[in-house]
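All letters in the sequence shown, in the order written, are residues 1272 to 1563 by this note's numbering.
Every residue gets a Cβ at the ideal spot worked out from N, C-alpha and C, and that includes glycine.
Take a look at the structure set out below.
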Amino acid sequence: MGKKIVVVNAGPRKGWNTDTLLTEASKGAESTGAEIERFDLFRLEKYTGCISCFGCKKEKFKGHCICKDGLTPVLDAIRKSDGLIIGSPNYLGDLTASFRALYERLVFQNLTYNADTPCCNQNVIPVLLIMTSNASDTAYLDKMKNYQQVLTMFVGPTELFISGDTLQLKAYSKTDWPWYFDGEAKLKRHETVFPQECKRVYEMGSTLIKLVSKKLPGTSRFIRLMGGVLFVDGDLQTGLELDHGSILVDNDLPDELSHHAFVELGDISRDGGCGVPEAYHFCIHQKHDRFL
Ligand SMILES: Cc1cc2nc3c(=O)[nH]c(=O)nc-3n(C[C@H](O)[C@H](O)[C@H](O)COP(=O)(O)O)c2cc1C
């Protein structure tokens, strides 16, 4: 059966930067047989961000936002999907209010206040997060890395794509701020660099689904190292004092990746093989180099 990818547009403008990149990423996913279900957040019924009802913290609703509004079908679809592609323009230094509304409810439903199992997500899926901005593609990198980290922890392994210095208008000369942007340079970039970015997200959309395929039953599973905490297929492995060096017995990770690494898991045995009592011994077949 084909894999299902949910695509979410958290920007309002049809045919512009965010919409176009999302469409290209969707085409990439479709090219590998995925079925796309798309939501445009600006065209949904009325919704809000998290209303702090704490319904999702009740045992019977664990992992489910119980607030019923325009975002409910989106959350339901993500919960049943094999991957998520989500894009937003940058508004005033952050992602849009629409993105934030979904983000709050998507993440908070999967967050518990239990130190042993801080995440109750039952459907760990790969995520591609796309952001477009007037500013350069590095201007908001720290903010985007923060989103990446939180989505990785509570939804699934997240990749970023940032398209900076975008064309915001066709005719800058008609505004009262032509002095602020070089409209010609923006247009040139849109005609030369943006098509390459479209190709890149197409590829990312197509590899997203390949990664999903690797999640099929078998030995292949996601493991995650987050700040010394280990998740296997989204479940926190408790009772482990992790030292990255001793876990990754065969493949040492560079320091800068020590808080954020994904590997495809081979065999696990509780044999203390890496010299740490009660530690798991990993045989790592393959690193996903797009995460490393
Ligand atoms: C309300 C508003 C606020 C914005 N704030 C920022 C900002 O703080 N930083 C930035 O780089 N771009 C900002 N932009 C520009 C957009 O992020 C940029 O043009 C984006 O590519 C638009 O996406 P779209 O073409 O898909 O609509 C803002 C645009 C709007 C409409």
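Check: Sub-8 Å separation of residue 1414 and residue 1365 beta-carbons; Outcome: yes
Check: Residue(s) in a DSSP beta bridge with residue 1361; Outcome: 1366
Check: Residues near residue 1375 in its chain [Cβ-Cβ closer than 6 Å; skip 5 each side]; Outcome: 1320 and 1321
Check: In chain order, each beta strand (DSSP E) run of at least 3 residues that lies wholly inside the region 1405 to 1465; Outcome: 1429 to 1434
Check: Residues bridged to residue 1326 [DSSP beta-bridge criterion]; Outcome: Paired residues: none, contrary to the question.
Check: Inter-residue CB distance, residue 1277 and residue 1355 (contact presumed, cutoff 8 Å); Outcome: 5 Å
Check: Short Cβ contact (8 Å threshold) for residue 1282 with residue 1315; Outcome: no
Check: Alpha carbon of residue 1344 to alpha carbon of residue 1279, nearest angstrom; Outcome: 12 Å
Check: Straight-line gap, residue 1425 to residue 1390 (C-alpha atoms, nearest Å); Outcome: 6 Å
Check: Cα-Cα separation, residue 1469 to residue 1398; Outcome: 17 Å
Check: Sequence-distant residues of its chain with Cβ nearer than 7 Å to residue 1591 (five each side left out); Outcome: The chain is shown only over 1272 to 1563; residue 1591 falls outside these bounds and no answer can be derived.
Check: Residue span of the alpha helix (DSSP H) that contains residue 1288, given as start and end; Outcome: 1288 to 1301
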